[in-house]
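Colleague: Next up is a structure, given as structure tokens.
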Amino acid sequence: QQQVKQSPQSLIVQKGGISIINCAYENTAFDYFPWYQQFPGKGPALLIAIRPDVSEKKEGRFTISFNKSAKQFSLHIMDSQPGDSATYFCAASMSPHKIIFGKGTRLHILP
Amino acid sequence: DTEVTQTPKHLVMGMTNKKSLKCEQHMGHRAMYWYKQKAKKPPELMFVYSYEKLSINESVPSRFSPECPNSSLLNLHLHALQPEDSALYLCASSPIGTGIQPQHFGDGTRLSIL
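Just so you know, the sequences run in chain order R and H. Note that the numbering used here gives residue 5 to position 5 of the first sequence, counting from 1, and the numbers run on in steps of one. Note that the numbering used here gives residue 152 to position 41 of the second sequence, counting from 1, and the numbers run on in steps of one.
Now the structure itself:
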């Protein structure tokens, strides 16, 4: 019940396309859902986050869609660029200091 | 550049050595964290300090010893490590406030145990 399931493991998208990464959770006590982006040799960087009272949040080309009844959330990257190539982690949290990470998606954008 | 600074960036040590990892932040955050990340895996929480007091220890072996000397600094003392401890060690910090606050990560120390 503490898991966050993330798919796909890896994703290849053409430049200009839409990248979609999906996550699912079981524990309805989770109330904060961040996405992290990690480049090789760097630490994870907070990309965008959502709380369950919101169904969608958009920041630039990045959008989180949240389906509370299905216990699923997803990251959409519009107009994907080669600079977006990175590993993306979805996560969930229900306590101030503990984040449950998904296993990650390695995204590669073809130039 | 990240606002959480970790030193050194790389560390190679033998199994009998003693070394320390350092982390510094000047964002006024009062929660600080150590994570371990193996290749192609998500970060795993090791320790949490809240107001300079250890609040969470995720059953980490005693060969890892954290220390929080003040609100800006976090150390991880290493002694008698094993080859399987080779990993990227990440420090993070977050504000403490109402509700869950975002964590900000440093770029890590890549540790290799010979």
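Virtual Cβ for every residue (Gly too), placed ideally from N, Cα, C. Note that the structure is a prediction, hence the values are computed from the model and not measured.
Between the alpha carbons of T33 of chain R and H137 of chain H, how many angstroms are there, rounded?
Modeller: Sequence check: residue 33 of chain R is Phe here, not Thr. If I take the Cα positions, the gap works out to 25 Å.
Colleague: Using a Cβ-Cβ cutoff of 9 Å, what residues of the stretch 79-96 of chain R are near chain H? List them in chain order.
Modeller: Answer set for the stretch 79-96 of chain R: T87, F89, A91, S93, M94, S95, P96.
Colleague: Identify which residue in H:Y146, H:E163, H:S161 has its Cα closest to the Cα of E155 of chain H.
Modeller: Comparing Cα positions, the closest option is H:Y146.
Colleague: By Cβ distance, which residues of its chain are closer than 8 Å to K15 of chain R, with the 5 residues on each side in sequence left out?
Modeller: For K15 of chain R, where only same-chain residues beyond five positions count, the Cβ hits under 8 Å are S80, Q81, P82, I109, L110, P111.
Colleague: Below 9 Å on C-beta distance, what does F216 of chain H contact in chain R?
Modeller: Going along chain R in sequence order, the residues near F216 of chain H (Cβ under 9 Å) are Y36, Q38, K42, G43, P44, A45, L46.
Colleague: Do you know offhand how far C23 of chain R's Cα is from A91 of chain R's?
Modeller: If I take the Cα positions, the gap works out to 8 Å.
Colleague: Determine which residues of the stretch 8-21 of chain R have a Cβ less than 8 Å from any Cβ of chain H, and write them out in chain order.
Modeller: Taking 8 Å as the Cβ-Cβ cut-off against chain H, none of the residues of the stretch 8-21 of chain R qualify.
Colleague: Report all residues from its chain with a CB closer than 8 Å to the CB of N181 of chain H; omit the five preceding and five following residues, and keep chain order.
Modeller: E163.
Colleague: Could you give the DSSP three-state label for P153 of chain H: helix, strand or coil?
Modeller: Coil.
Colleague: Cα-Cα, which of H:S223, H:H140, H:S197, H:K130 is closest to L184 of chain H?
Modeller: Closest by alpha carbon: H:H140.
Colleague: Could you give the distance in angstroms between the alpha-carbon of P172 of chain H and the alpha-carbon of M157 of chain H?
Modeller: Roughly 10 Å separates the two Cα atoms.
Colleague: So H184 of chain H contacts chain R; which residues on that side make the cut at Cβ distance below 8 Å?
Modeller: First, the amino acid is wrong: residue 184 of chain H is Leu here, not His. Neighbours of L184 of chain H on chain R: none; closest Cβ ~17 Å, over 8 Å.
Colleague: What three-state label does DSSP hand E178 of chain H in the structure shown?
Modeller: E178 of chain H falls in the strand class under three-state DSSP.
Colleague: Let me know if G102 of chain R comes out buried or exposed under the rule of 16 or more other beta-carbons within 10 Å of its beta-carbon.
Modeller: That one is buried.
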